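Residue numbers (the working numbering): 7 to 413.
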């Protein structure tokens, strides 16, 4: 498979069929962890790669497939290689969804036909896309096999009403049954029509927000056979090859002499995996796993998620406090009772999502549309970076606005 060139997110309320749709499109079931398999929901970001193909002997949508041979018997030519990012839909995992949205070039909003629209996280996820700046969206009305024609039409009209005035207004709405593989060709057609491959900045220094990190060594592996830690994400710009020296910021936490600081990590790439193959070099587009010489203890269990990888001395600054210019929503999204959003207050804790980083900050000074925030965990980010702002309401963090890193 050639290197994927675009990242497409699957978003929406829990149990509306996002993971099943990814499997229908790619053949990969992205829920791999034991807890995900036990509970039947996505907990971490899931990834899958596929290749879209088109048969020259057929007309769209029937022409589109992921198979090498079309149903008509003709050969299907490759159009694009795609990476899917499967975001969890449960309300307690909103921070994970926000981290995933940072590497999405476009999104598929999955809405089940057998429930009223919108459900709380349907609304919350769509608002998150708007805040992050993901504008190329299609809507899949899933589970049409579970409802009557009249119920499907009623639900379709609910979806049309729901997306009015949102970033998804005017997006195609594709009726589908991921479980029965119904209208999958129409979903592919809509993705090809609506979600383009972005222009990539190959001439700029490499920059990759880390969205996953893990240890591939099994318990009991002999010392001389241990492989270095793996970092995963998607290049925003530049290109990188094997044997390249890289830096990761903010890096590792150091406690010494009663003081605490963060020290950048410098290591080297030893393998690059993308689109199901090992490669000598990669460019932006698609999801990638990079093998390093890091102690796997540092990368296990997503230990480096939220950090930024790049070339030494070419990374954005690290911030442990900053001024954020904010714009709050009118109402809290993601809950049944959508109360008004109150202004930010001094000493209030906030959850902030910048790229793949999630951190908690405490407001040290609040003004009308600006606040000074001291972070519990530093972030590596450019001035002007957008962030999602969430407030603790009851037992959950709830999305309440968008901010920009001012200084």
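We put the beta carbon where it would ideally sit given N, CA and C, even for glycine.
If you're wondering where the values come from, they're calculated on a predicted model, not measured in any experiment.
Could you pull out every residue in the same chain whose Cβ sits closer than 8 angstroms to the Cβ of residue 306, ignoring the five residues on either side in sequence? 219, 220, 221, 235
Between which two residues does the alpha helix (DSSP H) carrying residue 127 extend? Bounds of the alpha helix (DSSP H) holding residue 127 are 126-138.
Please confirm if the region 402-413 is in contact with the region 315-335, defined as three or more CB-CB distances below 8 angstroms between the two stretches. yes
In or out: residue 123 buried (at least 16 other Cβ within 10 Å) or exposed? buried
Rounded C-beta distance between residue 145 and residue 179? I'm assuming under 8 angstroms. Confirmed, Cβ separation roughly 4 angstroms.
Give every residue of the same chain whose Cβ lies closer than 8 angstroms to the Cβ of residue 45, excluding the five residues on either side of it in the sequence, and list them in chain order. In this prediction, residue 45 scores a pLDDT of 37, lower than 50, which makes its location untrustworthy; the coordinate-derived value is nonetheless stated afterwards. For residue 45, where only same-chain residues beyond five positions count, there are no Cβ hits under 8 angstroms.
Bridge partners - residue 181, DSSP secondary structure assignment: Note: residue 181 sits in a beta bridge opposite 147.
To the nearest angstrom, how far is it from the Cα of residue 309 to the Cα of residue 130? Taking the straight line from one Cα to the other gives about 26 angstroms.
Using the three-state DSSP reduction, which class does residue 65 fall into: helix, strand or coil? coil
Excluding the 5 residues flanking residue 175 on each side, which residues of the same chain have their C-beta closer than 7 angstroms to its C-beta? 169
Can you give the beta carbon distance from residue 385 to residue 360, rounded, assuming they're within the 8 angstroms contact cut? 5 angstroms
Selection from 288, 26, 33 that minimises the alpha carbon distance to residue 206: 288
Backbone CA spacing between residue 28 and residue 86 [nearest angstrom]: 16 angstroms
Which word fits residue 353, buried or exposed, when buried means at least 16 other C-beta atoms lie within 10 angstroms of its C-beta? exposed
Compute the distance between the beta-carbons of residue 53 and residue 191, then report whether it is under 8 angstroms. no
Bridge partner(s) assigned by DSSP for residue 189: According to DSSP, which records beta bridges pairwise, residue 189 is partnered with nothing at all.
For residue 94, write down the residues that DSSP places opposite it in a beta bridge. Residue 94 is not bridged to any residue.
Report yes or no: do the region 102-111 and the region 210-218 share at least 3 C-beta pairs separated by less than 8 angstroms? The region 102-111, when compared against the region 210-218, does touch it at the 8 angstroms Cβ threshold.
Going straight from the alpha carbon of residue 324 to that of residue 266, what length do you get? 15 angstroms
Is the Cβ-Cβ distance between residue 22 and residue 165 less than 8 angstroms? no
Give me the Cβ distance between residue 115 and residue 132, rounded to the nearest whole Å; I'm assuming they're in contact under 8 angstroms. 6 angstroms
How many angstroms separate the CA atom of residue 34 from the CA atom of residue 141? 26 angstroms
Residue 9 to residue 80, Cα distance in whole Å? 24 angstroms
Measure the beta-carbon distance from residue 137 to residue 183 and round it to whole angstroms, keeping in mind my assumption that it falls under 8 angstroms. Between residue 183 and residue 137 the Cβ distance is about 31 angstroms, and since that is not below 8 angstroms, they are no contact.
Please return the same chain residues whose Cβ sits closer than 8 angstroms to the Cβ of residue 16, not counting the five positions on each side in sequence. 24, 25, 27, 28, 90, 91, 92, 93, 113, 114, 116
For the beta strand (DSSP E) that contains residue 326, what are its first and last residues? 324-334
Exposure of residue 43, with buried meaning 16 or more beta-carbon neighbours within 10 Å: Its pLDDT being 36, under 50, residue 43 is placed unreliably by the model, and the measurement read from it follows with that caveat. The residue is exposed, with fewer than 16 neighbouring Cβ atoms inside 10 Å.
Please state whether DSSP places residue 393 in a helix, a strand or coil. strand
Which of helix, strand or coil DSSP assigns to residue 231: helix
Secondary structure at residue 252, three-state DSSP: helix, strand or coil? Of the three classes helix, strand and coil, the one that applies to residue 252 here is strand, per DSSP.
Who are the Cβ neighbours of residue 395 in its own chain at under 7 angstroms, not counting the five residues just before and after it? 332, 356, 358, 406, 407, 408, 409
Measure the beta-carbon distance from residue 212 to residue 245 and round it to whole angstroms, keeping in mind my assumption that it falls under 8 angstroms. 7 angstroms
Thinking residue 4 and residue 254 are a contact (beta carbons under 8 angstroms), I'd like their distance in whole angstroms, please. Since the displayed the chain opens at 7 and closes at 413, residue 4 lies outside it and no answer follows.
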